[in-house]
Amino acid sequence: MHIPDGYLGPATCGVFYAVMVPIWAVASKIVKKTLQAKQVPLLAIGAAFSFVIMMFNVPIPGGTTGHAVGGVLVAILVGPWAACIAITVALIVQALLFGDGGITAIGANCFNMGVVLPFVGYYVYRAISHNSSIVSNRRVIAAGIAGYIGINIAALLAGIEFGLQPIVHHTASGQALYCPYGFNIAVPAMAGEHVLVFGWVEAIVTALVVKYLAKQSPELLREVA
Amino acid sequence: MKIINKLWIGLGILIVLSPLGLIIPEHCKAGSAWGEWGVDEMKELVGYIPLGLEKLASLWNAPIPDYAFKGWEEKGLVHVSFAYVISAIVGITLTVAVVLLLGKLLSRKDV
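Chains V and C are the protein sequences, given in the same order. In terms of the numbering used here, the first sequence is residues 350 to 574. In terms of the numbering used here, the second sequence is residues 2 to 112.
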């Protein structure tokens, strides 16, 4: 889901940078009010976890690869705004140091994986776990479903961003200037592979870690704003 | 042991295991992620390289492109895996340092 340089046209890249700047500003402001100093190491571990889990490429044999993002788990532990900051840092390091995700697409990638994914996942988790006990199995299932839905909505959005390109940017003769695949291919490809494979990886990873924490350290699963 | 230390250890284990994310896809003959093809692959897929894509694709020269060391591509799986682990350590160290710094600046100390 790391959109590289050259796949999104300047207009799309610009829009997502323009959307992300105020989101980063609000996230900083909210985190400043809510994040406790003792939560900072957990936030750093969350960012590191997201970074490394994205390196575990999972294959569709003979086809493409993909990976979990771990962002829903981070949101469950530190809240979606702090998760946004943690995932943003991981994504920017991946783009700058490793060329994983484009420089021009940092805005779009941070919006998909650093905003939509943790926020959708966080609120799904909250809605399903509702008033259940911290150590209940309902929370483990809620975490799994939240991971699955969070990454799938993010992948769908990435598919829409890809698919928009040939419509917005093409030469007079109709050749695409950036991503050459329209909605009819990009959306089913991105959404389909996550619904079928990578969404389950995110679901399992999120649920397993929540189960482990419920046993080892349930205080980490207290509701965060 | 404090939970936070257990989590750091877990992270270390994931870093050591990270080459599985390289080896297993290769074993299954899986290609690039969808929408993350290089220009050569793109030409094979659609028959041409979109002009804008060609221009922007080389915009940024990452120091450790694709978590691999330049010139090590042909050295075999052990070398490539080693480079992958070193990449993970470098990337995660930097990520953790930046988040700790941001956390120090942003968190509240009164609680």
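Here a beta-carbon is modelled for each residue, glycine too, at the ideal position from N, C-alpha and C.
- For V/I352, there is no enclosing alpha helix (DSSP H), as DSSP gives it neither H nor E.
- Distance between V/V536 and V/V544, taken at the CA atoms: about 12 Å.
- Beta-bridge annotation (DSSP): C/R109 is paired with V/Q385.
- C/I90 and V/R475 have their C-alpha atoms roughly 33 Å apart.
- DSSP places C/P64 in the coil class of the three-state scheme, outside both helix and strand.
- Using a 10 angstroms sphere on the CB of C/T94, the tally of other CB atoms stays under 16, which defines it as exposed.
- Comparing alpha-carbon positions, the option among V/A360, V/A374, V/V407, V/T383 lying closest to C/P20 turns out to be V/V407.
- The beta carbon of V/T555 sits closer than 7 Å to those of V421, L422, A492, G493, A495, G496, all from its chain and outside the five residues before and after it, given in chain order.
- The closest CA to that of V/G451, considering only C/E37, C/S33, C/N6, is found on C/E37.
- In the displayed model, C/H80 falls within a helix according to three-state DSSP.
- Under the Cβ distance rule, V/I500 does not count among the residues neighbouring chain C, no pair being separated by less than 8 Å.
- Between the stretch 460-471 of chain V and the stretch 501-516 of chain V there are three or more inter-stretch CB-CB distances shorter than 8 Å, so the stretches are counted as touching.
- Closer than 8 Å to the CB of V/T413 there is at least one CB belonging to chain C.
- Between C/V40 and V/P529, the gap from beta carbon to beta carbon reaches 8 Å or more.
- Non-local C-beta neighbours of V/Q385 in its own chain, meaning closer than 8 Å and more than five positions away in sequence, are absent.
- Chain C places a beta carbon closer than 8 Å to that of V/F447, counting this residue as a contact.
- When CB distances to chain C are screened at a threshold of 9 Å, the residues of the stretch 394-418 of chain V falling below it are I394, G395, A396, A397, F398, S399, F400, V401, I402, M403, M404, F405, N406, V407, P408, I409, P410, G411, G412, T413, T414, G415, H416, in chain order.
- Here V/P410 is exposed: its Cβ has fewer than 16 other Cβ atoms, across all protein chains shown, within 10 Å.
- Of the residues assessed, C/W73 falls on the exposed side of the cut-off, its CB having fewer than 16 other CB atoms within 10 angstroms.
- Within chain C, V100, G104 have C-beta atoms less than 7 Å from the C-beta of V/L392, given in sequence order.
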